[in-house]
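Just add 565 to the spot in the sequence shown (first one is 1) and you have our numbering. In what follows, a structure is listed as C-alpha cells, so that the remarks can point back to it.
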Amino acid sequence: MNATAAPNGRTRVHLVYPHGPRTGTPDSIGREVGRRLEARYDVTYYNWVDRGVITPGPGDVLVGHPHPDPGTIFRRSLGQSGWRRRLLLAPYHHGDLRQNAFEDPIVRECDLVLAITGPYWFRTTATSDFSHWLPKMIHVDMAIDRSHYPPIKTAFAAPGSRRVLYIGRTGRGKGTEYLSEIAALLPDVEFARMGPGTDQIPGFKPLGFVDYDAPAGRDLIASYDFFLTVGNADANPTTILEAMSWGLIPICTPTSGYDGIPGIVNVPARDPAAAAAVLRGLETAAESKLLEMQSANWQLLDRHYTWDRFAAQVADAIESGESPRLGPESLKRRLQFGFYEMTSPHGRLPYSPPARLVSRLRRAIGRPRTTRGVK
C-alpha cells in the first residue's frame, strides 16, 4: 500500500487497530482514539488482522496493535524505511510470558511503547522479565465513554443480602478457579456470571449473554451490588470501568491491573479466606459508605478514565522525539523470550503455513457432512 504526502502539510498517521462500531474494546480504542487524532492529523485506518504492507510517505507515522501473525500489516509495515515515528499501542501485562513474548522483536523496532495497562503492572515492570522494555514504555490507562454505561445503580441492597457479579470470559488469566474458591466461603451470598460461552464457574449462577443496552439487561445488572474480578494476568480490564460507571462497587486483585485506587477495592491474589473477609465486610457495610464510594468512582471516571486523556497521550508520543534504547537483558532472558515467541499460542509456529494447513484439515474433518438433494 503506497502512501502519498498528507495534504496541507499535516502529518499522516497510519492507525492499525480494530475500529468497528462496537462499544466494547478493542474497537472502542481504535475508533475513539482515531476520531480525536483526526483533529490534528490525517488518519488512515487499518484493522490489526489486515494483510499487506504500508509504504510510508514523507513524515508518516505508524501507530498500532501488533497481531501475533507475522504476516499482518503492522508487523510487515514496521520494517519499511521512511517512517518518522513507529509506536506500539497495545494492552500489556507481565503475568504470562506466553501472551506477550511475541511482541519482544516488535518492541525493538518501535520508538515508544504505549502500554495500555493498570498501575500494578507498570509499577512492577522494573522487577519483571519485561524490565528491558521499561525505557521505551509509557503507561496508558484504559478509558470509556460514560454515555455507553449510564448510572443505573441508585440504591444498594440491605446488609446481608447484597449480590456479586462477574462479567466476562473464563479464559487464561481470568482466575475463575479463584472466583469459585471465594464463593465457596460465602455460601449465603449470591454470585453470578454474565458472559458468552457455555463454560460455567462453580458457585456462580450462569446468566449467559446479556444485552447491556436493553432495559432488561440494565435492570438485571442494577440488581447486583458488587462487581468482582480476580485476574492473575489481566492488563487493564474495561469491565471494571464499565461496572463503576453503572454504579456497582468494583472488587479486584492487584493482578487485574488496578491497585491502590480509592473506590476500587482490592483483594489479595492468592488468599481466598482474606478475599472472602473483604467481601463480607462490604456485605455488611452501611449503605452510606457504598454510596460515597460510588460517587468517588464517578468523579474518577470523569476526571481520568477519558478518551481525551488517552488520545492526548498518543498524540504526545507522535510529537515526541524520544526513542530510547532497551534496557539491559541477560542471554537467558533473550533465549526465554525467543522460545515463547516461537512456541506459545501467540507465537510464530501457530501462524506458520504447516500449522495453518493442519488447522484447515481439522476444521474440514470436524465439519458435519450434508447429503445433497435430501430435505
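By construction, the Cβ of each residue, glycine as well, lies at the ideal position given by its N, Cα and C atoms.
### Residue from P716, P910, F792, A748 with nearest C-alpha to I732
Of the listed residues, the one whose Cα sits closest to I732 is F792.
### Message
Pull the bridge partners of T609 from the DSSP assignment, please.
### Response
Per DSSP, H579.
### Query
DSSP beta-bridge partners for I829?
The partner list for I829 (beta bridge, DSSP) is empty, contrary to what the question assumes.
### Message
Taking the alpha carbon of G599 as the reference point, which residue from H579, G886, W613 has its own alpha carbon closest?
### Response
Closest by alpha carbon: H579.
### Task
Please classify H658: does DSSP put it in a helix, a strand, or coil?
DSSP, read as helix, strand or coil, puts H658 in coil.
### Query
Are G683 and G574 touching if we call contact CB-CB under 8 Å?
For G683 and G574, no; Cβs fall outside 8 Å.
### Query
Should D790 be labelled buried (16 or more other beta-carbon atoms within 10 Å of its own) or exposed?
Classification for D790: buried.
### Message
I'd like to know whether the C-beta atoms of T576 and Y606 end up nearer to each other than 8 Å.
### Response
Yes, they are a contact pair.
### Message
Mapping the DSSP letters down to three states, classify H630 as helix, strand or coil.
### Response
In this structure, H630 counts as coil in the three-state DSSP scheme.
### Message
Does P815 come out as helix, strand or coil in the three-state DSSP assignment?
### Response
In the three-state reduction of the DSSP assignment, P815 falls in the strand class.
### Task
Would you kindly report the start and end of the unbroken beta strand (DSSP E) that includes T794?
Taken as a continuous stretch (DSSP letters only), the beta strand (DSSP E) holding T794 covers 791-794.
### Message
Can you give me the C-alpha to C-alpha distance between R711 and Q864, rounded to a whole angstrom?
### Response
R711 and Q864 have their C-alpha atoms some 11 Å from each other.
### Inter-residue Cα distance where the pair is T804 and I619
The C-alpha of I619 is placed about 34 Å away from the C-alpha of T804.
### Query
Rounded to a whole number of angstroms, what is the C-alpha to C-alpha distance between R587 and Y714?
R587 and Y714: Cα-Cα distance of roughly 13 Å.
### Task
Name the one or two DSSP bridge partners that G773 has.
According to DSSP, which records beta bridges pairwise, G773 is partnered with M759.
### Query
When DSSP builds the beta bridges, which residues end up paired with I703?
Answer by DSSP bridge pairing, in chain order: L679.
### Message
By alpha-carbon positions, which one of S696, V879, R845, S860 ends up nearest to G828?
### Response
Checking every option, the nearest Cα to that of G828 belongs to S860.
### At least three beta-carbon pairs within less than 8 Å, the segment 829-837 to the segment 692-704
Output reads no: the segment 692-704 does not touch the segment 829-837.
### Task
Using the Cα positions of A800 and L654, report the straight-line distance between them to the nearest angstrom.
Approximately 13 Å, taken between the alpha carbons.
### Burial state of G595 (16 or more Cβ within 10 Å)
Counting Cβ neighbours within 10 Å, G595 comes out buried, since at least 16 surround it.
### Task
Could you name the residues of the same chain whose beta carbon sits closer than 6 Å to that of P815, not counting the 5 residues immediately before and after it, in chain order?
Counting only Cβ-Cβ distances below 6 Å, and skipping sequence neighbours, we find F792, I805, A808, M809, I829.
### Query
D676 and R650 look like a contact to me (Cβ under 8 Å); what is the Cβ gap, rounded to whole Å?
Sure, about 5 Å apart at Cβ, within 8 Å.
#### Entry: Proximity winner among T692, D778, V843, relative to W811 (alpha-carbon distances)
Of T692, D778, V843, the residue nearest in Cα terms is D778.
### Query
Any idea which residues DSSP pairs Y685 with across the strands?
Bridge partners of Y685: none, in fact.
### Query
Name the DSSP beta bridge partners of V729, please?
Under DSSP, the beta-bridge partners assigned to V729 are F756, F791.
#### Entry: 6 Å CB neighbourhood of I671 in its chain, flanking five on each side removed
Counting only residues of its own chain and dropping the five nearest sequence neighbours on each side, I671 has a CB closer than 6 Å to the CB of P631.
### Message
I believe Y685 touches P819 by the beta-carbon criterion, under 8 Å. Please report the beta-carbon distance rounded to the nearest angstrom.
### Response
About 4 Å separates the two Cβ atoms, so the contact holds.
#### Entry: Three-state class that DSSP yields for L751 in the structure shown
Note: L751 maps to coil in three-state DSSP.
### Query
So, is R727 buried or exposed, given that buried needs 16 or more other C-beta atoms within 10 angstroms?
Taking all protein chains in view, the Cβ of R727 is crowded by 16 or more other Cβ atoms within 10 Å, so the residue is classified as buried.
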